[in-house]
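Participant:
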Amino acid sequence: MTLRDEVWDALLEQTVMTSKFKIVDLPFKESERHTVRRCLRQAEEFGWLERTTEHSAIWRAGPKAKMLLNLSEAKLRLADE
Numbered sequence: 852m853t854l855r856d857e858v859w860d861a862l863l864e865q866t867v868m869t870s871k872f873k874i875v876d877l878p879f880k881e882s883e884r885h886t887v888r889r890c891l892r893q894a895e896e897f898g899w900l901e902r903t904t905e906h907s908a909i910w911r912a913g914p915k916a917k918m919l920l921n922l923s924e925a926k927l928r929l930a931d932e
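First residue of the sequence shown? That's 852 in my numbering, and the numbers climb one at a time after it.
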């Protein structure tokens with residue numbers, strides 16, 4: 852499995868567990884953060900994640916995640932806070 856595959860897996864799992872997170876919440880080393888950021892931005896483009904601003908450090912469940920990942924209403928409310 853490639854690092855990109857691992858990042859996608861981790862970001863989807865983290866989204867289901869918490870509905871919002873920071874890069875430091877993901878299980879990757881500092882040396883892997885460039886790839887992690889690139890994958891997060893791609894997930895944002897695909898609608899899996901979203902941020903309140905382009906420079907926000909908090910990633911939240913995006914419209915596609917909300918529609919397809921069966922997130923609880925409580926987690927969705929937390930993501931919007």
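Yeah, the Cβ is synthetic: ideal placement off N, Cα and C, and Gly gets one too.
Just to check my reading of the structure: Leu900 and Leu927 have Cβ atoms closer than 8 Å, yes? What is that Cβ distance to the nearest angstrom?
Facilitator: About 14 Å separates the two Cβ atoms, so there is no contact after all.
Participant: How far does the alpha helix (DSSP H) with Arg888 in it extend, from its first residue to its last?
Facilitator: Per DSSP, Arg888 belongs to the alpha helix (DSSP H) from Arg884 to Phe897.
Participant: Is Cys890 near the ligand ATP, going by C-beta to nearest heavy atom under 7 Å?
Facilitator: With respect to the ligand ATP, the structure offers nothing, as it holds no ligand at all.
Participant: What residue range does the beta strand (DSSP E) around Arg911 cover?
Facilitator: Per DSSP, Arg911 belongs to the beta strand (DSSP E) from Trp910 to Ala912.
Participant: Please check the pair Leu929 and Ser870, which I expect to be a contact at CB under 8 Å, by giving their CB distance rounded to whole angstroms.
Facilitator: With a Cβ gap of about 6 Å, Leu929 and Ser870 count as contacting.
Participant: Between which residues of its own chain and Trp859 is the CB-CB distance below 8 Å, once the five residues before and five after are set aside?
Facilitator: Only Cys890 and Ala894 meet the Cβ criterion.
Participant: Ile856 to Phe897, Cα distance in whole Å?
Facilitator: Note that residue 856 corresponds to Asp in the displayed sequence, not to Ile. Asp856 and Phe897: Cα-Cα distance of roughly 15 Å.
Participant: So Leu854 and Gln865 are in contact, right, with Cβ under 8 Å, and what is the actual spacing, rounded?
Facilitator: Their Cβ separation, rounded to whole angstroms, is 16 Å, which puts Leu854 and Gln865 out of contact at 8 Å.
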